[in-house]
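Presented below is the structure to which this report refers.
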């Protein structure tokens, strides 16, 4: 239960309160076999040295050796306020939503026209999208410089190549290989400003994964899929997205065999964080970037099979 609360997302004093909460409420967890686990929210693979994770796809049976974990009773008690805890009301509400499958958020979508937004799932897809965006930005900058009469008297301009000009015009245009540009979703607002709900038919997404959201004339944003829900009225899948506020910047990692990237959010603020490809990293380890500085990983916020999320400090190599 303590692991399910994602304690690394909280402050030191709050982590102790989470531990106390887990000690008090562990008996409310329902542990079941996969055959009875269609409505479970979490799973644990005892064959691996890894903590429990949210179920990636709802209403599907888990593999036979997995352990299904249901937390609805804890979510209900937290919503009622019957659990004695020193956690702040906002943190209690956050945990209540987590353990109840975010049903309150799904049921409270603000009425109105949704925002037609392009969504790119996965860390690799998000990185490729930002890299293409950087290419277009550099082309525009060079074109503006060449148009400046101070730089040239010929009035020359650099015109994007056809594939670069139209790179954002088609929802399924590939960057190369199996990486697709993304697909359009209907993005709904909710009363909780931390969450959006994206609606799409048969989205190829997994709970816990990162997504990039893009709309013309709007800044790119990053979110994490926290839960999925099937809406029978619209015959579509709803994805609950937790917003990661801040501007997004992509950096190339040097000395990387496979052209790895670091996705930085809210750079230059107190809430700056970096997303890296899923894997094992060393706390206070340095990630060298091709721009001549290194990211020193100061605190792990989240780690799952899809990505690793850290606080960081920029340092000279």
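Residue numbers (the numbering used here): 1 to 317. For every residue, glycine included, the Cβ atom is placed at its ideal position computed from N, Cα and C.
Inset, instruction - For chain B, find out if any of its Cβ atoms is closer than 8 Å to the Cβ of residue 50; answer yes or no. - result: Here chain B cannot be found, since the structure has a single protein chain.
Inset, instruction - With distances taken Cα to Cα, identify the nearest neighbour of residue 197 among 215, 299, 182, 239. - result: 239
Inset, instruction - Determine the extent of the beta strand (DSSP E) in which residue 90 is found, giving its start and end residues. - result: Run containing residue 90: none in the beta strand (DSSP E); it sits in the alpha helix (DSSP H), 89-99.
Legend entry - Status (buried if at least 16 other CB within 10 Å, exposed otherwise) for residue 244: buried
Legend entry - Reduced DSSP category for residue 307 - H, G, I as helix; E, B as strand; rest coil: strand
Legend entry - Option in 109, 194, 184, 7 with minimal Cα separation from residue 216: 184
Legend entry - Terminal residues of the beta strand (DSSP E) in which residue 25 lies: No beta strand (DSSP E) contains residue 25, which is instead part of the alpha helix (DSSP H) from 12-25.
Legend entry - Buried/exposed call for residue 262, threshold 16 Cβ in 10 Å: buried
Legend entry - Exposed unless 16 or more other CB atoms sit within 10 angstroms - verdict on residue 204: exposed
Inset, instruction - Please say whether residue 120 and residue 211 have beta carbons closer to each other than 8 Å? - result: yes
Inset, instruction - Starting from residue 230, follow the alpha helix (DSSP H) in both directions and report where the run begins and ends. - result: That residue, residue 230, is in no alpha helix (DSSP H); its beta strand (DSSP E) goes 221-231.
Inset, instruction - Please state whether DSSP places residue 248 in a helix, a strand or coil. - result: strand
Inset, instruction - Identify which residue in 271, 122, 110 has its Cα closest to the Cα of residue 246. - result: 271
Legend entry - Which residues DSSP lists as bridging residue 31, in chain order: 69
Legend entry - Neighbourhood of residue 283 by C-beta, 7 Å cutoff - its chain only, sequence neighbours within 5 removed: 297, 300
Legend entry - Residues bridged to residue 117 (per DSSP): 185
Inset, instruction - Decide if residue 74 is buried, meaning its Cβ has at least 16 other Cβ atoms within 10 Å, or exposed. - result: buried
Inset, instruction - Could you tell me whether the Cβ atoms of residue 99 and residue 80 are closer together than 8 Å? - result: no
Legend entry - Buried versus exposed call for residue 174 [16 or more other C-beta atoms within 10 Å across all chains shown]: With a pLDDT of 39 at residue 174, under the threshold of 50, the modelled position of this residue cannot be trusted; read the value that follows with caution. Exposed, because fewer than 16 other Cβ atoms sit within 10 Å of the Cβ of residue 174.
Inset, instruction - Kindly indicate which residue of 66, 58, 28 has the alpha-carbon position closest to the one of residue 45. - result: 66
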